[in-house]
DNA sequence: ATACATTTAATGTTACAACATATTTTAATT
DNA sequence: AATTAAAATATGTTGTAACATTAAATGTAT
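Chains as they are written, first to last, in this note's numbering: chain Z, 1 to 151; chain H, 1001 to 1151.
Here it is, written out as structure tokens:
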């Protein structure tokens, strides 16, 4: 569906404004879909992203700082997201020995199982991340353009 | 800057996952920039978007429903956003005569002046909406790909 | 060694998003 | 006409984002 119809705005000032609005709208659209899916697993989107970062580190722990570095939304509150994950038993948090300012955040077996379960149930989603309608070369083009936007 | 470096993740499962993450990251990146700019005008991003919708209707009023239709984030709380804009004097809200369930939301002169002021001060921003690094044809490509993602 | 600066994480606070529910008015059904 | 359904907006509630501040540990300089 064309962005003009999605937000019922027939014209834009120029193609750049249209691209900007289209980008914001589409990203939001994808995010809503993903959030809806993860609600079935009692997970918010930021929580899911943190879990994936921790799986990427496993079996090594991650510090809160490392999590922030790898998060999409840098301003988000990593410490409190970890709180939630600890409360749900998907993550452990222990003070680091070498640098007692930092903290070792480690995904648990249950956390890994949860991610595995999500992977299996949402195979299509995970294979294409909501990009089913794109060819590989289109996805590559998109990556190039997005990198270019950020300069 | 490549997305790999932005979030310090050297590889992705496939080009689709990479495009998905890139899209989320870039949209968030643009949003943060815009939010920062609008803070100078005591405006949040949703408030600014509603103001622009109302300018698009001017001199006709808009209902809350029309605002929701045209908003990028449909789940957002249009009624309360209008509250804020009324409190700041940039918008008026009066009960509609023909259908007393609905409400006429109208941008004020001050509201129009605010937008004009923003337009003038942020000329570059507004001309390209943060897409300075894109050619016209790239912006068009981007629009096509984004429309395709949403099916 | 002491004093000062920096780093890391946690916490306090405010505003807003998300979701559900209520209220008022209009439309539809019998 | 009365009853019920639907529509439009407002409001209540909960959780979280955004931002600032604090607290503790480490690094650095004199």
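Cβ coordinates follow ideal geometry from the N, Cα and C atoms, glycine included. A quick note: this is a predicted structure, and the numbers were derived from the prediction, not measured.
Go ahead and pull the three-state DSSP assignment for residue i.
i                       : result
residue 1043 of chain H : coil
residue 1018 of chain H : helix
residue 123 of chain Z  : helix
residue 1150 of chain H : coil
residue 1005 of chain H : helix
residue 221 of chain Z  : This structure gives no information on residue 221 of chain Z, because the portion of chain Z shown stretches from 1 to 151.
residue 13 of chain Z   : coil
What does DSSP give as the partner residue(s) for residue i in the beta ladder?
i                       : result
residue 104 of chain Z  : Z:94
residue 1034 of chain H : According to DSSP, residue 1034 of chain H bridges with nothing at all.
Kindly indicate if chain Z contains any beta-carbon less than 9 angstroms away from that of residue i.
i                       : result
residue 1110 of chain H : no
residue 1116 of chain H : no
residue 957 of chain H  : The displayed coordinates of chain H run from 1001 to 1151. Any statement about residue 957 of chain H would go beyond what the structure contains.
residue 1026 of chain H : yes
residue 1031 of chain H : yes
residue 1047 of chain H : no
residue 1051 of chain H : no
residue 1151 of chain H : yes
Does the beta-carbon distance from residue i to residue j come in below 9 angstroms?
i                       : j                       : result
residue 69 of chain Z   : residue 1007 of chain H : yes
residue 1016 of chain H : residue 128 of chain Z  : yes
residue 1143 of chain H : residue 18 of chain Z   : yes
residue 1152 of chain H : residue 1075 of chain H : No answer is possible for residue 1152 of chain H: it lies beyond the span of chain H, which begins at 1001 and ends at 1151.
residue 1107 of chain H : residue 1055 of chain H : yes
residue 1114 of chain H : residue 1043 of chain H : yes
residue 1105 of chain H : residue 1092 of chain H : yes
residue 23 of chain Z   : residue 111 of chain Z  : no
residue 1130 of chain H : residue 20 of chain Z   : yes
residue 1072 of chain H : residue 40 of chain Z   : no
residue 31 of chain Z   : residue 85 of chain Z   : no
residue 145 of chain Z  : residue 1138 of chain H : yes
residue 1120 of chain H : residue 1037 of chain H : no
Does any residue of chain H bring its CB to less than 9 angstroms from the CB of residue i?
i                      : result
residue 75 of chain Z  : yes
residue 63 of chain Z  : no
residue 136 of chain Z : yes
residue 78 of chain Z  : no
residue 126 of chain Z : yes
residue 16 of chain Z  : yes
residue 132 of chain Z : yes
residue 147 of chain Z : yes
residue 7 of chain Z   : yes
residue 141 of chain Z : yes
residue 21 of chain Z  : yes
residue 72 of chain Z  : yes
residue 69 of chain Z  : yes
residue 3 of chain Z   : yes
- Task: For the segment 1055–1088 of chain H, list the alpha helix (DSSP H) runs that are entirely contained and at least 4 residues long, ordered along the chain.
- Result: Segments of the alpha helix (DSSP H) lying fully in the segment 1055–1088 of chain H: 1064–1070 and 1078–1087.
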